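Written out below as structure tokens is the structure these notes cover.
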Amino acid sequence: FLFHKVEKGGFLMRKWILILSVFLFVGCQGKIGSFIDGDANLALVFDKIQKEIIDEGNSLVLWNDVPLSANEIEKLYQLDMTKVEEYLVKTAVVEAQCSEIAFFKVEKEKESYVKDAISYRKDTLKNRWGTTVEEASYLLDNALEGRIGAYYYFVVGSDSEKVVNYIQKMDE
312 FLFHKVEKGG FLMRKWILIL SVFLFVGCQG KIGSFIDGDA NLALVFDKIQ KEIIDEGNSL
372 VLWNDVPLSA NEIEKLYQLD MTKVEEYLVK TAVVEAQCSE IAFFKVEKEK ESYVKDAISY
432 RKDTLKNRWG TTVEEASYLL DNALEGRIGA YYYFVVGSDS EKVVNYIQKM DE
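Residue 354 in my numbering sits at position 43 of the sequence shown, with consecutive numbering throughout.
This is how it looks when you write it as structure tokens:
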């Protein structure tokens, strides 16, 4: 039915609409945006991080499919989510793996709220898993956090350094 000629020029018009739709669809795919400009597509950023690490042949934890909700972040991080413009927090399916990637779009003036929340989260994980899971304390002690453009990140896991290097290269 897509290429059925309804009237003179109908076939040609449908063909051009289909071609234009394909170009628009393909052109809109893969746009990460910019950390510096504050328009990063955080879900796509996470997908690219995961793909990059898998493509390098490194082991990667099994991540929860759904990122944490604002309510879950408030509970786990003790963070007032009204201080944050945008966020994405992904955790490992098995919490004892102590693997987490978090992005918070936050103004520099409100950054201290996010830093305190990350400190709280690290302490909570360390208290819960630090004595029972051998690698947990090491991972949490070596977790990385910092600012990249309009976002503050927190990365904990065996590949945290590679993840941070990769996200820093995304805006170059």
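We put the CB at the ideal spot given by N, CA and C, even for glycine. All figures in this text were calculated on a predicted structure; none of them were measured in a lab.
In the DSSP assignment, E411 falls within the beta strand (DSSP E) that extends over 411-416. For E456, the secondary structure class from DSSP, reduced to helix, strand or coil, is strand.
Excluding its 5 nearest sequence neighbours in each direction, A447 has C-beta neighbours in its own chain below 6 angstroms: C409, W440, G441, listed in chain order. Annotation for V475: the continuous alpha helix (DSSP H) segment containing it runs 471-481.
Under the Cβ criterion (8 angstroms, minimum of three pairs), the segment 370-379 does not count as touching the segment 342-352. By the beta-carbon neighbour count (other beta carbons within 10 angstroms, threshold 16), G468 is buried. Rounded to whole angstroms, S471 and Y424 show a C-alpha spacing of 22 angstroms. Of the residues assessed, V395 falls on the buried side of the cut-off, its CB having 16 or more other CB atoms within 10 angstroms. Counted as a single uninterrupted DSSP element, the beta strand (DSSP E) harbouring T402 occupies residues 397-402. Distance check between Q389 and each of N438, F414, Y431, F346 places Y431 closest, using alpha-carbon atoms only.
Within the same chain, Cβ atoms closer than 6 angstroms to the Cβ of F415 are found at V395, Y398, V425, Y463, the five residues on either side in sequence being excluded. Listed in chain order, the non-local C-beta contacts of I360 below 8 angstroms within the same chain comprise I412, V474, Y477, I478, local neighbours out to five positions each way being set aside. Note that the C-beta distance between K437 and L450 is not below 7 angstroms.
Of all alpha-carbon atoms in E383, A407, V417, the one lying nearest the alpha-carbon of T443 is that of A407. According to the DSSP assignment, V466 belongs to the beta strand (DSSP E) that extends over 462-467. Excluding the 5 residues flanking it on each side, A428 has same chain C-beta neighbours closer than 7 angstroms at Y388, Q389, L390, in chain order.
Per DSSP, the continuous alpha helix (DSSP H) segment holding I429 begins and ends at 422-440. Per DSSP, E406 lies in no alpha helix (DSSP H) and is assigned neither H nor E.
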